[in-house]
Amino acid sequence: ANRHWIEIFDSISDYIVVHDQDNSVLRVNRSLADLVGVSPQELIGIRMSALLAIGESVPPRSCPFCACTSTGEGEYVHPVLERTYLISTSPVHEATGEGMQMIHVIKDITDRREAERRYRELFNNIQEGLFFSTPEGRFVEVNDALVRMLGYESREELLQTDIPTQVYFSPEERQKLTDEIQRTGVVRNHENLLRKKDGTPVYVLTNALAVRDASGRLTQFRGLMLDISGLKNFQAELQRERDFSGKILNNTQNLILVADTAGIVTYANRRWSEMGYEQAQLLGCALEMLVAPARRATLNEAVIATVNGRQVDNLELQIIRGDGRLGQFSVNLSPMWDDAGSVTSLVVVMSDITDSATLQSKLMHAEKMAAVGQLVSGVAHEVNNPLTAILGFADLLMENTELPESARKDLRVILQEAQRTKQIVQNLLSFARQMPPQRKAVQINPILHNTMQLRAYDFQSHGVEVIEKFDHNLPSVVGDSHQLQQVFLNILNNAYDAVRESPRAGRIEITSSRRGSLVEVGFRDNGPGITYPEKIFDPFFTTKEVGKGTGLGLSICYGIVREHGGEILCHNNSDGEGAMFIVRLPATADIVPISVPAGVLTQ
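Under the numbering used here, the sequence shown has 439 at position 453, and the numbering climbs by one with no breaks.
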């Protein structure tokens, strides 16, 4: 039995020493002897002060272990080895019953204490708030970071708080968190709004786990809280800036795109919906697919220049609308750089200049037409001067009685052609508006006849049949014959252009008649008809090719007729052949203002 006890004694890994009242070693186990590096028998009888080479740090006859274990257990730090030991001391009586022996069980806890020190250092110095709490809502342990985060004076003060009512704005919020931890065992990146000691809010991101005992009972929540108030404020400010920028981008009159360096669209503002595009259609679309094929090479050159860091301004491109129609746009491309100075994307701003480009083109054409008018006027005046001399000398020659009849016959031809030329010159001057407007009683039929003479050659040379159906008993109207001639000539020109477009033999029928108190003039053609009769009198509206019409003629006619107290109407013929223009003017005895707008007649 004694041997068995010795085997057990020597097998214990902790160090064990027994000494008497004189602090002399009576017995040590194998673990302690191995630590010292000798056999157990060699240690018997030495003083306790010499057992672990303590040296002169303690009195020779004293026991350092007894001094630190007055309560039965204590820690001893070896002054030389710098090791920490946990000492458990038990007194026993000697076999004789007269003396006392001391048994010391020595456990090396140096590594444990170092781990605890490191843990405590980490616990207190980490910037995130660490906590251990009970399921009921009390902190068991917190670090200094959590104390500062929640605005408390000390760790002890925070440990006294009731978490559900003092740390949370509502107990229900804490309950949601604890329910989730109990259900899943852990929560990650859970956002909470907590209340600081002074009542101000603080946003935290919580990561926590549930701790259970051996029976599975929940004992603690352990976790970490990260103050994200600054991040939340930054996100809120960023969102406000995004909302502000979004409102600007979506309410601007321009079309805006953002594309990557490969020219692929990554953003489009809402104005593109007015172009007939959905966001889903544009995102991922190549920029060049929005441009008319003929101009794609130009766009690609601009994209390359922008990717290389250059700004491209006022690039005129034809952009394809959602319905396939083309529009004229002024395009600006700007590079966007990252922090390293590399171009990461392109901002494309497009301004619709379709209307302004059209107006500019029509204005230039109108200016050309004005220049033509001035040229016509100048030429007419220059022709008029020698023509007057020709007429004068021809008249003088006709008065010469000595001229043979053959010469008189030739002179009559000269006079006739000169008079016709003079009339043409007068018509050109009238067309060029070189004569001031004069309102007086005029007959419509002569004005129509003179107007037809201006285009008589074209009608004859191109086989256009002109049919006149004039009422020769018409009353006069008060107006400017030159302005009225301009109206009739414009309508006649449009009719001529229309019948030239038709495969049928051209025919224009001109009528004049009386309709009650009005004098009515009609122009009927057998051309293709009017495509948009409801827009025909709008300024700058034209269906003719560029350079063949300004879109101003009929709108000017409308204004002239209205100034004369009349009305001008149009409609397509019911038989499907051509169109009809009607001009109505009040007769002389019945002149009253008429406020009927130009429009489309319903047959």
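For each residue, glycine too, the CB sits at the ideal point set by N, CA and C.
Test item: CB-CB of L212 and T192 under 9 Å: At the C-beta level, L212 and T192 come within 9 Å of one another.
Buried or exposed (CB count within 10 angstroms, at least 16 for buried), E553: Its Cβ being crowded by 16 or more others within 10 Å, E553 is buried.
CB-CB length for R441 against L478, believed under 8 Å: About 6 Å separates the CB atoms of R441 and L478; that is less than 8 Å, so the two are in contact.
Stretch-stretch touch, CB-based, cutoff 8 Å, three pairs: the region 292 to 302 with the region 263 to 275: No, they do not touch.
P579 burial status per 10 Å Cβ neighbour count (16 or more: buried): The pLDDT assigned to P579 is 40, lower than 50, so where the model puts this residue is not dependable, and the model offers no usable value.
Sheet register partners of T192 (DSSP bridge): T192 pairs with H176 and M211.
S(-3) - DSSP class collapsed to helix/strand/coil: Shown here, S(-3) sits in a helix according to DSSP, grouped into three states.
Residues that N318 bridges to, as DSSP identifies them: According to DSSP, N318 bridges with V335.
Member of T252, N9, F567 and F456 whose CA lies at the smallest distance from the CA of R510: With distances taken between Cα atoms, R510 lies closest to F567.
Nearest-angstrom Cα separation, counted from R208 out to A194: Their Cα atoms are separated by approximately 5 Å.
Proximity to E302 [Cα-Cα], best of A283, R296, V450 and E223: Considering only A283, R296, V450 and E223, the residue with the shortest C-alpha distance to E302 is A283.
Exposure of Y105, with buried meaning 16 or more beta-carbon neighbours within 10 Å: Looking at its Cβ environment, which holds fewer than 16 other Cβ atoms inside 10 Å, Y105 is exposed.
N- and C-terminal bounds of the beta strand (DSSP E) containing E122: In the DSSP assignment, E122 falls outside any beta strand (DSSP E) and carries neither an H nor an E.
V278 (DSSP reduced to helix, strand or coil): Per the sequence presented here, residue 278 reads as Ala, with Val not at that position. Annotated three-state conformation of A278 is coil, per DSSP.
Cα-Cα separation, V485 to N370: C-alpha separation (whole angstroms): 33 Å.
CA-to-CA distance, S215 to T247, given in whole angstroms: Computed Cα separation, rounded: 36 Å.
With 16 other Cβ atoms within 10 Å as the buried cut-off, status of R570: R570 comes out buried.
Y482 burial status per 10 Å Cβ neighbour count (16 or more: buried): That one is buried.
Nonlocal neighbours in the same chain, by C-beta distance under 7 Å from I(-2), ignoring five residues either side: In chain order, N15 and S17 place their CB closer than 7 Å to the CB of I(-2), counting only its own chain and leaving out the 5 sequence neighbours on each side.
Span of the beta strand (DSSP E) around N300: First-last of the beta strand (DSSP E) with N300: V298 to I306.
N-terminal and C-terminal residue of the alpha helix (DSSP H) that A481 is part of: Run containing A481: S467 to E487, per the alpha helix (DSSP H) assignment.
For Q239, the three-state DSSP class (helix, strand or coil): DSSP places Q239 in coil when its eight states are reduced to three.
The region 427 to 446 touching the region 458 to 469, judged by at least three CB pairs closer than 8 Å: Because the criterion of three Cβ pairs below 8 Å is met, the region 427 to 446 and the region 458 to 469 touch.
C-alpha distance - G545 paired with T517, whole-angstrom precision: Roughly 22 Å separates the two Cα atoms.
Residue burial classification, R203 (beta-carbon count within 10 angstroms, cutoff 16): Under this definition R203 is an exposed residue.
Q420 versus N559: straight-line alpha-carbon distance, rounded: Note that Q420 scores 44 on pLDDT, short of 50, meaning its location in the model is unreliable; the coordinates nonetheless yield the value given after this. Answer to the nearest angstrom: the Cα atoms are 36 Å apart.
Coarse secondary structure for C49, derived from DSSP in three states: Here C49 sits in coil by DSSP.
Inter-residue spacing [alpha-carbon to alpha-carbon] between V188 and V63: So the two alpha carbons sit approximately 45 Å from each other.
Among L504, Q225, F125 and I(-8), the one whose alpha carbon lies nearest that of P572: Ranking L504, Q225, F125 and I(-8) by Cα distance to P572 puts L504 first.
Spatial distance of A393 from Q405 (CA atoms): Each residue's alpha carbon lies about 18 Å from the other.
Cβ pair count under 8 Å reaching 3, the region 156 to 164 against the region 127 to 135: Verdict: no, contact absent.
Of the listed residues H448, R493 and R500, nearest to F456 (C-alpha basis): Of the candidates H448, R493 and R500, the one whose C-alpha sits nearest the C-alpha of F456 is R500.
Which of helix, strand or coil DSSP assigns to L587: Low confidence applies here, because L587 scores a pLDDT of 43, under 50, leaving its location unreliable; read the following figure in that light. Reduced to three states, the DSSP call for L587 is coil.
Nearest to G58 (by Cα), restricted to the options I89, A81 and L401: Nearest of I89, A81 and L401 to G58, Cα basis: I89.
C-beta contact flag for L116 and Y154 at 9 Å: The answer is no: Cβ separation not under 9 Å.
Residues sharing a beta bridge with I400, DSSP: In the DSSP assignment, I400 is bridged to no other residue.
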